[in-house]
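The next block holds one structure in the form of structure tokens; read it before the comments.
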């Protein structure tokens, strides 16, 4: 059954324990010949439990698939689900990204709550529009901060796209560069 699901399979070795992983995100214990059960972590990501030298270890499937099937020449640290479905762990749906690329993808695709939709979000879209308007009209940022009852650094972070990222992207095309 395992071999019929995919054409590409790789061996995972952890000490003397051997597992096979498919490009479709299935892991087989070579000794028991059983596909490991996928568990939801509560946020939509799938994980598996592997027994390595008698110790149970949990691994996220998307990371295992990416580490084994997707080149990462820029040594990016995060794995993105291209279609936004965290349970779709096929290699064709995964890509290595930087933290900022991952955040931008989440906001552009409506995968992440933002602003006053967050439990701790202070500013509404109207507040953010007002901040942008005041800044464009030349009002000093410390005065905007006083008016909005926050710090100048919060205003600067909002206007520079470090907070409320979706607001910074509105109406602009963002180009990513990696250092």
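Numbering (my numbering), first residue to last: 149 to 327. Think of the CB as a built atom: it goes at the ideal place given N, C-alpha and C, for glycine as much as any other residue.
- DSSP, read as helix, strand or coil, puts residue 243 in strand.
- Residue 185 and residue 220 have their C-alpha atoms roughly 27 Å apart.
- Taken atom to atom, the span from the alpha-carbon of residue 301 to that of residue 270 is near 15 Å.
- With the rule of 3 Cβ pairs closer than 8 Å, the stretch 237-246 does not count as touching the stretch 274-282.
- Residues 198 of the same chain have their beta carbon placed closer than 6 Å to that of residue 205, with the five preceding and five following residues left out of the count.
- In this chain, the alpha helix (DSSP H) harbouring residue 213 covers 209-217.
- Leaving aside the five residues that flank residue 257 on each side, the residues in its chain whose CB is nearer than 7 Å to its CB run, in chain order, 232.
- For residue 303, the uninterrupted alpha helix (DSSP H) run begins and ends at 300-307, by DSSP.
- Distance from the Cα of residue 228 is smallest, within the candidate group 222, 217 and 210, for 210.
- For residue 196 and residue 207, the gap between their C-alpha atoms comes out near 6 Å.
- In the structure shown, residue 290 falls within a helical segment according to DSSP collapsed to helix, strand and coil.
- Boundaries of the beta strand (DSSP E) around residue 166: 165-170.
- In the three-state DSSP reduction, residue 284 falls in the helix class (H, G or I).
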